[in-house]
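**Q** Same order as they appear, the protein sequences are chains A and B.
Using our numbering, the first residue of the first sequence is number 117, and each one after it goes up by one.
Using our numbering, the first residue of the second sequence is number 19, and each one after it goes up by one.
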Amino acid sequence: MLAMSRNQKLPQPGEESQILELLVQRDGEFQELMKVAQEQGKVHQEMQLLEKEVEKRDSDIQQLQKQLKEAEHILATAVYQAKEKLKSIEKARKGSISSEEIIKYAHRISASNAVCAPLTWVPGDPRRPYPTDLEMRSGLLGQMSNLPTNGVNGHLPGDALAAGRLPDVLTPQYPWQSSDMSMNMLPPNHSNDFMLEPPGHNKENEDDVEVMSTDSSSSSSDSD
Amino acid sequence: MDKDSQDVHQELNKLKTKIQEAREQISTMPGISMSPEQQQQQLQNVREQVRTKNKLLQKYRSLCMFDIPKA
Chain A
117 MLAMSRNQKL PQPGEESQIL ELLVQRDGEF QELMKVAQEQ GKVHQEMQLL
167 EKEVEKRDSD IQQLQKQLKE AEHILATAVY QAKEKLKSIE KARKGSISSE
217 EIIKYAHRIS ASNAVCAPLT WVPGDPRRPY PTDLEMRSGL LGQMSNLPTN
267 GVNGHLPGDA LAAGRLPDVL TPQYPWQSSD MSMNMLPPNH SNDFMLEPPG
317 HNKENEDDVE VMSTDSSSSS SDSD
Chain B
19 MDKDSQDVHQ ELNKLKTKIQ EAREQISTMP GISMSPEQQQ QQLQNVREQV
69 RTKNKLLQKY RSLCMFDIPK A
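1. Using only alpha-carbon positions, find the residue among B:Asp22, B:Gly49 and B:Gln76 that is nearest to A:His160.
2. With three or more C-beta pairs closer than 8 Å as the rule, is the segment 57 to 64 of chain B touching the segment 155 to 169 of chain A?
3. Classify A:Arg244: buried if its beta carbon has 16 or more other beta carbons within 10 angstroms, exposed otherwise.
4. Mapping DSSP to helix, strand and coil, what is A:Ala192?
5. Determine the DSSP secondary structure at A:Gly130, reduced to helix, strand or coil.
6. Output yes if chain A places a C-beta closer than 9 Å to the C-beta of B:Lys71; else output no.
7. According to the neighbour-count rule (16 or more other Cβ atoms, all chains shown, within 10 Å of its Cβ), is B:Leu81 buried or exposed?
8. Taking DSSP as the reference, what is the three-state secondary structure of A:Asp241?
9. I'd like to know whether the C-beta of A:Gln161 is nearer than 9 Å to at least one C-beta of chain B.
10. Just mark A:Ser226 as buried or exposed, buried being the case when its beta carbon has 16 or more other beta carbons within 10 Å.
11. If A:Arg85 sits next to B:Val68, beta carbons under 8 Å apart, how far is it from one beta carbon to the other, in whole angstroms?
12. Can you give the Cα-Cα distance for B:Gln76 and B:Val64, rounded to whole angstroms?
13. B:Gln67 CB to nearest chain A CB: under 9 Å?
14. Our contact map puts A:Ala153 next to B:Met47 with C-beta atoms below 8 Å; I'd like the distance itself, whole angstroms only.
15. In whole angstroms, what separates the C-alpha of A:Gly258 from that of A:Glu216?
16. So the alpha helix (DSSP H) A:Tyr221 belongs to, where does it begin and stop?
17. Can you pull the chain A residues whose beta carbon is under 9 Å from the beta carbon of B:Leu75, in chain order?
18. What residue range does the alpha helix (DSSP H) around B:Tyr78 cover?
19. Using a Cβ-Cβ cut-off of 9 Å, state whether B:Gln60 counts as contacting chain A.
20. Using 10 angstroms around the beta-carbon of B:Thr70, count the other beta-carbons present and answer buried if the total reaches 16, otherwise exposed.
21. Any idea if A:Thr248 is buried or exposed, counting beta-carbon neighbours within 10 angstroms, 16 or more meaning buried?
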């Protein structure tokens, strides 16, 4: 029995060579496939390099896109501000006011101690800072609230007239003031009293102007 | 005869072991998950992507956005 089983397991004389040929053939095929696999490995490496390149380009494009967005935002803001300025310019052209008149008016306000009391002010001094009650009534707010024009109470305009400065402030007509309004706001019995000498010619007022200029310059520097 | 048979078995076992090792190594080889044709196609696609993105970048970089029209 043992001899029989061994005989069955043993290959036939021609079978060994066939198996060897098959093995050699398989080995040849395997070698060929290995060459192909190596080629594919090289291609895979190249693809990985290209994919890295693609990722780099993507990040570049995204960076560029971000910069373009920022530039667009900045330009849009600049265009908006420019349009706003053009609107302001157009508005200013329509209601143009001479800068000299504004400076003149500012000097007049300064002459009446607009920002603070003069250095020589003592209790009992009738001079009051700008704006006085009468000036407030002659402004747009006073017009809107329809404050009574006559029967002005308090120290104005009597105190202001006593100081000799208020009429000078109100006397000139500026383009931004409607003439009828300013005239209507004035007490009728004082209309002639306003024709006083301008304070700019007064030595004392010149000193006041200097004081006020100093104050205003210091305040403007503080605001900066 | 028995000695020859033992040698043959031993050699066959060595061969089997080597074949198994080769299988394991092949499974770790990169780039063989697809056929060579598919791989070439994918390679062409990736090359095309790189070319397109390069062109786009060149276009953006050479773009002059502040051309002032001549009156």
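Every residue gets a Cβ at the ideal spot worked out from N, C-alpha and C, and that includes glycine.
**A** Looking at the coordinates:
1. It is B:Gly49 whose Cα lies nearest to the Cα of A:His160.
2. yes
3. buried
4. helix
5. helix
6. yes
7. exposed
8. coil
9. With 9 Å as the cut-off, A:Gln161 counts as an interface residue toward chain B.
10. buried
11. Nothing can be reported for residue 85 of chain A: it is not among the residues displayed for chain A, which extend from 117 to 340.
12. 18 Å
13. yes
14. 6 Å
15. 26 Å
16. Ser215 to Ala227
17. Under a criterion of Cβ atoms nearer than 9 Å, the residues of chain A adjacent to B:Leu75 are, in order, Arg173, Asp176, Ile177 and Leu180.
18. Pro54 to Arg79
19. B:Gln60 counts as touching chain A.
20. exposed
21. buried
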